[in-house]
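Input: a single structure, listed below in structure tokens.
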Amino acid sequence: MGHSVPPLNDKSLLKNQTYVNGEWINAKSGKTFEVHDPATGKLIGTMPEMDRADTEAAIAAASAALPSFRKTTGRERSRMLRKWYQLMIDNAEDLAKLITWENGKPMADAKGEVNYAASFYEWFAEEAPRMYGATIPASVAGNRVFTIKEPVGVVGLITPWNFPAAMITRKIGPAIAAGCTVVAKSPGETPFTAAALAELAHRAGIPKGVVNFVTALKNTPEVGETITSSKTVKKVSFTGSTGVGKLLMKQSSDTLKKLSFELGGNAPFIVFDDADLETAINGAITSKFRSSGQTCVCANRIYIQSGIYDDFCTKFTEKVKQFKVGGGYEEGITHGPLIHDRAVSKVDEHVQDAVKNGAKILHGGQKLPGLGENFYQPTVLRDMTEDMQLAKDETFGPVAGLFPFKTEADVIKLANAADVGLAGYFFSKDIQRVYRVAEALEVGMVGVNTGLISDAAAPFGGVKESGFGREGSHLGIEEYIVTKTITMGGNAPETRIKTDPLPDPEPGQTQVAKLPPNHKLGSYATPTTPASSRSPGPRQDPPSTQAVQSAASSHAIAASGSVDLIALCMPRTQHNEAPHPLTVEEMELLLSL
């Protein structure tokens, strides 16, 4: 395998093959790529360099597994995820060692990532049985409308290297919970953690073909294009840079896939002069330097109000000077290497650009070749301005640029000037300001008086060019399901008069309809109706005997709730007299029956 295999308790978790259709396989071409320890540069081992044909085979396996897996119940899928979660917890130390080995982060950070990663399986194990539909009151009488939730189908997942376990589980968890099958492109820099997760999936009893991993380094663009262009893949979830996200979105457009992208950030971190200074400094340290600044939500622009700017700079720098940089396995190490030399070069370019444009280095600002080619000294810069490269672009490294500001309005304008909007942070004791600023920041997530916002229970995602869709929380499963509307027709009651007439009466019978109690029948409805209240007609003649009898009869029937329609509609005449027209009230009565 390599030169520095970590002392795993369970060495079967260390794989040099990838997992497709329930089997461990090599690339069809037989090609492999090398993986190196970023701290030492030593070879860890090799993994299959898969290509289009391998990816299509993985997609076919996921497609074949879908019909049966989508029929499993939420409870069944919940038990699978729960078992996978428990296996992660039971093997947490080994998983942490693998993360440190191929990613470089200190063991303490790696252990924290394993727990965080496992929490997504635990969370979505609880969400799986709760894919609720809805019953909807229909607009058409007699119809019944309801909705059901169904898995979107085969999903393609593309994850980065900075959180080798958590970025995978945050996507696979809701996909499995929803009943989808998965083709996951693991990061070329950190494929061994993904392979260990696949081994645990196998042990957890995840059916073959439900979870498939594709590994590649040089062929990553080809694999990505195969996933995005496949008609079989119905949804793609991607975490990575904004540039690559735009490319994948274009590639997915021909097949109109469902997409969720978590892309680049340039997080503002704001400290107002009414904040608790010590709390704000600790929050900034956590947000900026966790994983050596290699997180998409880390503070990239730290804005300090002018009244506390100098004090903050001094105390913040004192904290940074206490960091211990080195290999992740060493005791007491707080910060490890960057992922590769290209990352080091970008960090150094940002620092040199800032110094050239007037920034002052308070600490660091140098590569650390004595430790290895991928190490950079944690750096603090003051007197930063918006024209510097660090303000415009995500540094993704251990550099804290401290920007002064005067007013709340000023800093909101500066914070929102970025094209991206993933996360933002601010510290203040003013409750009114808390609401104003939290609502004013153009980001998907806001940390108030905290530098940590990631939680399986909380929606994770951004706005603007930081992407769309949410991961985690009850919203996370929505990204992997579709809503189906079902309308059931029924016999609606007739609302128009005479459309469905009553059967013709037998000889000597009349048709009878119910009349609301105490309904007044009009000018001839009751013999006790005062003459002055009767509606005027064309004639002033007294009612005929037949009309009076009819009215009396109608009055009597009305008292019991029934009325003789034929009697009511008969011309109220005697012999050859002209018929009396119906009153307005009588017409309204007929129209209401």
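Residue numbers (full-length UniProt numbering): 1 to 593. Using N, Cα and C, we set each Cβ at its ideal position, and we do this for glycine too.
#1: Distance, Cα to Cα, N26 vs T32?
#2: Measure the alpha-carbon distance for D54 versus K484 and round it to whole angstroms.
#3: From what residue to what residue does the alpha helix (DSSP H) around M167 run?
#4: Which value, in whole angstroms, describes the spacing of the CA atoms of G179 and G74?
#5: For A198, count neighbouring Cβ atoms within 10 angstroms of its own Cβ and tell me buried if that reaches 16, exposed if not.
#6: Can you give me the C-alpha to C-alpha distance between A400 and M167, rounded to a whole angstrom?
#7: Between which two residues does the beta strand (DSSP E) harbouring R470 extend?
#8: So for I99, helix, strand or coil by DSSP?
#9: Report the CB separation of I302 from F403 in whole angstroms; it is logged as a contact under 8 Å.
#10: Rounded to whole angstroms, how far is the Cβ of T46 from the Cβ of N16, which I believe are closer than 8 Å?
#11: Counting pairs of beta carbons, one from the region 364 to 382 and one from the region 265 to 281, are three or more of them closer than 8 Å?
#12: Work out the CA separation of F289 and D435 for me, nearest whole Å.
#13: Compare the beta carbon distance of F124 and I339 with 9 Å and say whether it is the shorter of the two.
#14: For F213 and Y19, which I take to be in contact (beta-carbon distance under 8 Å), what is that distance rounded to the nearest angstrom?
#15: Mind reading off the beta-carbon distance from E122 to Y85? Whole number of angstroms is fine, and I expect it under 8 Å.
#16: Can you give me the start and stop residues for the alpha helix (DSSP H) that M445 sits inside?
#17: With the cut-off set at 9 Å, would you say A415 and E439 are in Cβ contact?
#18: Nearest-angstrom Cα distance between T40 and V344?
#19: Which whole-angstrom value describes the C-beta separation of L98 and A204, a residue pair presumed to lie in contact below a C-beta threshold of 8 Å?
#20: Counting pairs of Cβ atoms below 8 Å between the region 237 to 247 and the region 124 to 133, do you hit three or more?
#21: What residue range does the beta strand (DSSP E) around H335 cover?
#22: Measuring alpha carbon to alpha carbon, tell me which residue in K208, E56 and C296 is nearest F69.
#23: For a quick check, are the C-beta atoms of L81 and A165 less than 9 Å apart?
#24: Span of the alpha helix (DSSP H) holding residue 598?
#25: Looking at E465 and V411, is the spacing between their C-beta atoms short of 9 Å?
#26: Does the region 312 to 325 come close enough to the region 372 to 384 that 3 or more CB-CB pairs lie under 8 Å?
#27: On the three-state DSSP scale, how would you describe A457?
#28: Taking the alpha-carbon positions, what's the K231 to A57 distance?
#29: Where does I270 land, buried or exposed, given buried means 16+ other C-beta within 10 angstroms?
#30: If we ignore side chains and look at the alpha-carbon of each, how far apart do I227 and E318 end up?
#31: Please name the residue, chosen from V155, V211 and I206, that lies closest to G224 on a Cα-to-Cα basis.
#32: So the candidates are S186, D254, T215 and Q305; which of them puts its Cα closest to the Cα of K28?
#33: So, using beta-carbon positions, are T135 and F146 closer together than 9 Å?
In short:
#1: Start at 1 with the first residue of the sequence shown, and residue 26 comes out as number 26. Start at 1 with the first residue of the sequence shown, and residue 32 comes out as number 32. Going by the C-alpha atoms only, they are around 8 Å apart.
#2: The count along the sequence shown starts at 1 and reaches residue 54 at position 54. The count along the sequence shown starts at 1 and reaches residue 484 at position 484. Their backbone Cα atoms lie some 33 Å apart in a straight line.
#3: As a working mapping, residue 167 is identified with position 167 in the sequence shown. Its alpha helix (DSSP H) spans residues A166 to A178.
#4: Residue mapping note: residue 179 aligns to position 179 of the sequence shown, counting from 1. Residue mapping note: residue 74 aligns to position 74 of the sequence shown, counting from 1. Computed Cα separation, rounded: 8 Å.
#5: Residue numbering aside, residue 198 sits at position 198 when the sequence shown is read from its first letter. Classification for A198: buried.
#6: Position 400 of the sequence shown holds residue 400. Position 167 of the sequence shown holds residue 167. Approximately 25 Å, taken between the alpha carbons.
#7: By 1-based counting over the sequence shown, the position of residue 470 is 470. Unbroken run through R470: none, as it is neither H nor E.
#8: Within the sequence shown, numbered from 1, the residue matching residue 99 stands at position 99. Three-state result, I99: helix.
#9: Taking the first residue of the sequence shown as position 1, residue 302 is located at position 302. Taking the first residue of the sequence shown as position 1, residue 403 is located at position 403. Indeed they touch by this definition, with Cβ atoms about 7 Å apart.
#10: For the purposes of this step, residue 46 is identified with residue 46 of the sequence shown, where counting begins at 1. For the purposes of this step, residue 16 is identified with residue 16 of the sequence shown, where counting begins at 1. About 6 Å; that satisfies the 8 Å criterion.
#11: no
#12: Against the sequence shown, residue 435 aligns to sequence position 435. Against the sequence shown, residue 289 aligns to sequence position 289. The residue asked about is misnamed: residue 435 is Tyr in this sequence, not Asp. Approximately 27 Å, taken between the alpha carbons.
#13: Counted from its first residue, the sequence shown places residue 124 at position 124. Counted from its first residue, the sequence shown places residue 339 at position 339. No, Cβ-Cβ distance for F124 and I339 is not below 9 Å.
#14: Here residue 213 refers to the residue found at position 213 of the sequence shown. Here residue 19 refers to the residue found at position 19 of the sequence shown. About 5 Å; that satisfies the 8 Å criterion.
#15: Your numbering for residue 122 matches position 122 in the sequence shown. Your numbering for residue 85 matches position 85 in the sequence shown. 5 Å between Cβ atoms; contact.
#16: Here residue 445 corresponds to residue number 445 of the sequence shown, with the count starting at 1. Taken as a continuous stretch (DSSP letters only), M445 belongs to no alpha helix (DSSP H), being part of the beta strand (DSSP E) at M445 to V448.
#17: In the sequence shown, residue 415 corresponds to position 415, counting from 1. In the sequence shown, residue 439 corresponds to position 439, counting from 1. Not in contact: A415 and E439 (Cβ atoms no closer than 9 Å).
#18: Walking along the sequence shown from the start, residue 40 turns up at place 40. Walking along the sequence shown from the start, residue 344 turns up at place 344. When rounded, the distance between both Cα atoms is 15 Å.
#19: As a working mapping, residue 98 is identified with position 98 in the sequence shown. As a working mapping, residue 204 is identified with position 204 in the sequence shown. Their Cβ separation, rounded to whole angstroms, is 18 Å, which puts L98 and A204 out of contact at 8 Å.
#20: no
#21: Position 335 of the sequence shown, counting from 1, holds the residue named residue 335. Where H335 is concerned, there is no enclosing beta strand (DSSP E), given that its DSSP letter is neither H nor E.
#22: Here residue 69 is taken as the residue at index 69 of the sequence shown, counted from 1. Ranking K208, E56 and C296 by Cα distance to F69 puts K208 first.
#23: Taking the first residue of the sequence shown as position 1, residue 81 is located at position 81. Taking the first residue of the sequence shown as position 1, residue 165 is located at position 165. No.
#24: As displayed, the chain neither begins before 1 nor continues past 593, which places residue 598 out of reach and without an answer.
#25: On the sequence shown, position 411 is the one that residue 411 refers to. On the sequence shown, position 465 is the one that residue 465 refers to. Cβ atoms of V411 and E465: not closer than 9 Å.
#26: yes
#27: If you number the sequence shown from 1, residue 457 lands on position 457. Here A457 sits in coil by DSSP.
#28: Counting from 1 along the sequence shown, the entry for residue 231 is found at position 231. Counting from 1 along the sequence shown, the entry for residue 57 is found at position 57. Rounded to whole angstroms, K231 to A57 spans 14 Å at the Cα level.
#29: Residue mapping note: residue 270 aligns to position 270 of the sequence shown, counting from 1. That one is buried.
#30: Reading the sequence shown from its first residue, position 227 is the one you call residue 227. Reading the sequence shown from its first residue, position 318 is the one you call residue 318. Their Cα atoms are separated by approximately 48 Å.
#31: Within the sequence shown, residue 224 is the residue found at index 224, counting from 1. Measuring from the Cα of G224, the nearest candidate turns out to be V155.
#32: Stepping through the sequence shown from its first residue, residue 28 is reached at position 28. Comparing Cα-Cα distances from K28 to each of S186, D254, T215 and Q305, the minimum goes to T215.
#33: The count along the sequence shown starts at 1 and reaches residue 135 at position 135. The count along the sequence shown starts at 1 and reaches residue 146 at position 146. It is a contact, given that the beta carbons lie within the stated cut-off.
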